[in-house]
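Engineer: The structure under discussion is supplied below as structure tokens; questions concerning it will follow.
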Amino acid sequence: MKRLEFLRKFILGVTAILLSILSINWISQNTNWFITLEAIKSISSFDIFFLVILYISSFILKILRFNFLQNCLHKSDIKTNIETICIGYFVNLFLPLRLGDVLRIIYIKQKINFPALSSFIVISTEKFYDVLIIFFFL
57 MKRLEFLRKF
67 ILGVTAILLS
77 ILSINWISQN
87 TNWFITLEAI
97 KSISSFDIFF
107 LVILYISSFI
117 LKILRFNFLQ
127 NCLHKSDIKT
137 NIETICIGYF
147 VNLFLPLRLG
157 DVLRIIYIKQ
167 KINFPALSSF
177 IVISTEKFYD
187 VLIIFFFL
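In structure tokens:
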């Protein structure tokens, strides 16, 4: 049983790595690196500082929003909600198809015994708000 579980995890890991390598290869073939480097050189230090502050602010607001939505259905502490969002972001860096959100559902279910369907509803509502905000700014 443990051997089968190890094999399943190994195949999933190798598949994720291969998909990442193929994606990076495809992106690098369709990128003009000279234009990219010139664009990077034209960014000022103030712009970088402003963007870092903006990114950190958006991360904090996302944690507060997720905490509010989560607590509407089931009480949980802010630490668990921060862990949940960080795990989702981290997994989304390496795996395609937003699989970090699926892992968030599993993590919430295991950590605080929250029903998977309710977690799915909370995360779906969060994604809906993301889309609304994007349409607002467009």
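Everything in the sequence shown is counted per the working numbering, starting at 57 for the first residue and increasing by one. Think of the CB as a built atom: it goes at the ideal place given N, C-alpha and C, for glycine as much as any other residue. This one's a predicted model, so the numbers in the text were calculated from it and none came from an experiment.
Which same chain residues, not among the five before or five after Y235, have their C-beta less than 7 Å away from its C-beta?
Structural biologist: No answer is possible for residue 235: the residues shown for the chain start at 57 and end at 194.
Engineer: If S79 sits next to P152, beta carbons under 8 Å apart, how far is it from one beta carbon to the other, in whole angstroms?
Structural biologist: Indeed they touch by this definition, with Cβ atoms about 7 Å apart.
Engineer: Check for me: the alpha helix (DSSP H) holding R154 runs from which residue to which?
Structural biologist: Premise fails: R154 is in no alpha helix (DSSP H) and is neither H nor E.
Engineer: Give every residue of the same chain whose Cβ lies closer than 7 Å to the Cβ of F176, excluding the five residues on either side of it in the sequence, and list them in chain order.
Structural biologist: Here the set comprises I161.
Engineer: Beta-carbon within less than 8 Å of I179's beta-carbon, same chain only, minus the 5 sequence neighbours each way: which residues are those?
Structural biologist: So the list reads D157, R160, I161, once near-sequence residues are dropped.
Engineer: Considering only the beta carbon of each residue, do N123 and N137 sit closer than 8 Å?
Structural biologist: Contact flag set, yes.
Engineer: A172 to V108, Cα distance in whole Å?
Structural biologist: Computed Cα separation, rounded: 34 Å.
Engineer: Can you give me the C-alpha to C-alpha distance between S184 and E61, rounded to a whole angstrom?
Structural biologist: Position check: residue 184 holds Phe in this sequence, whereas Ser was assumed. Near 35 Å, if we compare the C-alpha coordinates of E61 and F184.
Engineer: For S175, does the three-state DSSP call read helix, strand or coil?
Structural biologist: Helix.
Engineer: Answer with buried or exposed for Q166, where buried requires no fewer than 16 other C-beta atoms within 10 angstroms of its C-beta.
Structural biologist: So Q166 ends up on the exposed side.
Engineer: For I99, which three-state DSSP category applies?
Structural biologist: Residue state, collapsed to three classes: coil.
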